[in-house]
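Report on the following structure.
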Amino acid sequence: MPNLKPSIPYPSRCDNERRHDQANEQIEKFYEIFKEMSFKISFTDALMLMPKFASTLKALIGNKEKLSEMARTPMNEHCSAIILNKLPKKLGDLGKFLIPCEFPGMDDN
1 MPNLKPSIPY
11 PSRCDNERRH
21 DQANEQIEKF
31 YEIFKEMSFK
41 ISFTDALMLM
51 PKFASTLKAL
61 IGNKEKLSEM
71 ARTPMNEHCS
81 AIILNKLPKK
91 LGDLGKFLIP
101 CEFPGMDDN
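Counted from 1, the sequence shown has number 86 at position 86 by the UniProt record's numbering; the numbering is strictly sequential.
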């Protein structure tokens, strides 16, 4: 006699959906925990802990003449326009884009 019990189509799909939902829940929980975290670290300490910037920062601090030389580096019109928030009306395609951001608490000393 043939098996008359219908089988569930694609049983692995249900497992995959359940795992996907569990992963999404875990991501949401992690995001909530991450949002509540805060770290008290100075900007210079953070730079020193980043290997990419640490060697550059150490070299600049160690060589004060070069540091003072860099302090007097003239800026071209595009850089000064960015710093002064006075961008020209239209520039050609530079192949780059700017992401405006603020660092809250950086002015507090």
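Every residue, glycine too, gets a C-beta built ideally from N, C-alpha and C.
Between the alpha carbons of I61 and T44 lies a distance of about 12 Å.
In the displayed model, I99 falls within coil according to three-state DSSP, outside both helix and strand. In the DSSP assignment, M48 falls within the unbroken alpha helix (DSSP H) covering 43-49. DSSP places K52 in the helix class (H, G or I) of the three-state scheme. Between L47 and F53, the C-beta gap is smaller than 8 Å, which places the two residues in contact. A straight-line Cα-Cα distance of about 13 Å links I41 and P104.
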